[in-house]
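Accompanying notes for the structure given below.
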Ligand code: AMP
Ligand code: ZN
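Residue numbers (our numbering): 1218 to 1682.
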C-alpha cells in the first residue's frame, strides 16, 4: 500500500512502526459554530482511511481533538453572554451529530484542549528546560531558530520566512518566527494557573501534547487539511521533536480544499454551507459520496449539479443492493453452480480493482468507479434464476465495498424498543462504574441507529431521530 507523504513529497510504501498497528492523529475542528462542509472533507476522508486500514486488518488507534479554547470561542461567548465552556460543549454535541449523519466513526479518543492543560504545562516546561522556549513577562515563546529542522514539512526556509515576518509592537519575542506556547489571560477570559502566568495555551501545543499522551512520541500518520501544513504542523513537529528527541510522525497526509467558485470555503470568507444546511436537502450520505468521488489531494469545487450527480450515483448502488436483498429473500436455499462460481470470480476482479485504487494513495475516485462496475455487473446478473448463495455473495460484495467508503446501502433492520432500553440501562451501569468510554460508545452506537438520548432529571429519555 502506498501513500503520499507531504514530508517527502513522494508516494511511499506504508510500513507501520509496529506490525499490524496504526497510530493516527487528525487535527479536529475549533468548536464555535456548526461545522461547514469544508471541515467535513478531512473528517470524511480520514475516516475512510481508517476504515480501509481496518479492512486491511490493522488495529487503528485514531485520535482527533476538539479545540475548545480559542479566541473565536471566547468572542462567540461574549456575543451571546454565556461561558466559553457552554459554547464549546454545545458545538461539540452538534459536531458529533453531523459526524453521525455522515457516518464518520467516533475516534478512539476525542481529547479536549481544556482537559489536557496539565500535559501542556509539562511539555512547555520541558521545552524551556531544554532551551527551546523562553518566558517574557508571562508569555512563553518557542525559540524557532533553535530547532534545526524547522521548515522540513512545508519546505520553507526560515530565513525567507523571517524576511517576510515582523514583530508586532506589543510582542517581546527574540525573533519574528518565534510562536506562542502560553499567553497571559485578558480580562474575562478563561485561564489556568501556570509557572509563567495565569493564562491559556497557544493553539499548536495541544496537538503535540494529545498525540504524545494517547499515541506516544512516535506515530504513523498525522492528517489534516492542507492549510495546516504551515504553520500548525510545522510547529507541532518543532514542539514534539524538541521534547522527545524522536521523529514525530512518519507519514503526513493532507487533503486539498473544498472550494466554492474555486475559492476555499471558509467561515472568514463567508462562502460556506454548514453540514446542517446540506442535511435539509440531502441525506448526509450523499455529501460523503460527493467528497469521495474526488481524489483527496485534488481541490473539489462544490456545486448543486455535482451533489445531484452524487445523489443519483448513490441511489444506483442502494437500488442494486435492495434489489439483491429482495431476490435473496425470495430465492430458494440453493447453492452456487459451477457457472455461477465463474461469475463470482469475475465479480472478484472489481474488488481487486477497488483495492488497487485504495492501495494507490487512497484513490477513492477510482475506487468508486470499481464499485460502480461491480454494481453494473450485479444488475446484469440479478435475477430470480440464480441461487441464493450466488445472489447473497454479490450483495455481500456491494455492502463490503460500500462499508469501506462509509456508505450504508442497506437500511438497518428496525431496532426494537426493548433493545434500546437494554442498551440505555447498560450505559447507565457503565456510567455508575465510571466506565465513560463504554457509556460514550453506547451513546454513539444508538446515535448510529438514529436514537437520540437526553439526560434529564427524571432519567434518560430517548427518541428516534
Ligand atoms: P478549523 O476548524 O478551521 O481548524 O478546521 C478543521 C479542519 O478542517 C482542518 O483540518 C482544516 O484544514 C479543514 N478545513 C477547513 N476548511 C476547509 C476546506 N475548505 N476544505 C478542506 N478542508 C478544510
Ligand atoms: Zn493539530
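Think of the CB as a built atom: it goes at the ideal place given N, C-alpha and C, for glycine as much as any other residue.
Residue range of the beta strand (DSSP E) that residue 1418 falls in?
-> 1416–1418
Counting Cβ pairs closer than 8 Å, one from the region 1600–1617 and one from the region 1551–1568, do we hit at least three?
-> As far as the Cβ criterion goes, the region 1600–1617 touches the region 1551–1568, which means the pair count is three or higher.
Any non-hydrogen atom of the ligand ZN within 6 Å of residue 1312 CB = no
If you measure from the CB of residue 1255, is any heavy atom of the ligand AMP nearer than 6 Å?
-> It does: the Cβ of residue 1255 is within 6 Å (strictly closer) of some heavy atom of the ligand AMP.
Is the beta carbon of residue 1621 sitting closer than 7 Å to the one on residue 1668?
-> no
Where residue 1284 falls: helix, strand or coil (DSSP) | strand
Where residue 1432 and residue 1537 are concerned, what is the direct C-alpha to C-alpha distance, given to the nearest angstrom?
-> Residue 1432 and residue 1537: Cα-Cα distance of roughly 41 Å.
Quick one: complete alpha helix (DSSP H) runs, 4+ long, within the region 1281–1352?
-> Residue ranges of uninterrupted alpha helix (DSSP H) with 4 or more members, entirely inside the region 1281–1352 and ordered along the chain, are 1288–1297, 1301–1318 and 1334–1346.
For residue 1683, name the three-state secondary structure that DSSP assigns.
-> What is shown of the chain runs 1218 to 1682, which leaves residue 1683 out entirely.
Could you check what DSSP says for residue 1388 in three-state terms: helix, strand or coil?
-> coil
Around the ligand ZN, what residues have a beta-carbon under 5 Å from a heavy atom of it, in chain order?
-> 1244 and 1424
So what does DSSP say about residue 1673, is it helix, strand or coil?
-> strand
What are the partner residues of residue 1413, as DSSP defines its beta bridges?
-> Residue pairing from DSSP leaves residue 1413 without any beta-bridge partner.
Leaving aside the five residues before and after residue 1331 along the sequence, list all residues of the same chain whose C-beta is less than 7 Å from its C-beta, in chain order.
-> 1285 and 1286
Would you call the CB atoms of residue 1472 and residue 1499 closer than 7 Å?
-> At the C-beta level, residue 1472 and residue 1499 stay beyond 7 Å of one another.
Neighbourhood of residue 1415 by C-beta, 6 Å cutoff - its chain only, sequence neighbours within 5 removed | 1402 and 1408.
May I ask you to check if the CB of residue 1316 is nearer than 6 Å to at least one heavy atom of the ligand AMP?
-> no
Could you name the residues that DSSP lists as bridge partners for residue 1484?
-> Per DSSP, none; premise fails for residue 1484.
Selection from 1410, 1226 and 1405 that minimises the alpha carbon distance to residue 1446 | If we check each option's Cα against that of residue 1446, 1226 comes out closest.
Residues that residue 1239 bridges to, as DSSP identifies them = Per DSSP, 1277.
Who are the Cβ neighbours of residue 1482 in its own chain at under 8 Å, not counting the five residues just before and after it?
-> Cβ neighbours of residue 1482 beyond the five flanking positions: 1253, 1254, 1255, 1474, 1475, 1476, 1488, 1489, 1490 and 1519.
C-alpha gap between residue 1540 and residue 1599, whole angstroms = 8 Å
Nearest residue (CA-CA) to residue 1238, options 1571, 1507, 1494 and 1436 | 1436
Under the rule that 16 or more other beta-carbon atoms within 10 Å means buried, what is residue 1501, buried or exposed?
-> Under this definition residue 1501 is a buried residue.
Got a sec: does the ligand GTP put a non-hydrogen atom nearer than 6 Å to the Cβ of residue 1247?
-> The ligand GTP is absent from the structure shown, which contains only the ligand AMP and the ligand ZN.
What residue range is occupied by the uninterrupted beta strand (DSSP E) comprising residue 1225?
-> No beta strand (DSSP E) contains residue 1225, which DSSP labels as neither H nor E.
Report yes if the C-beta distance between residue 1171 and residue 1280 is below 7 Å; otherwise report no.
-> Any property of residue 1171 remains undetermined from this structure, which presents the chain solely from 1218 to 1682.
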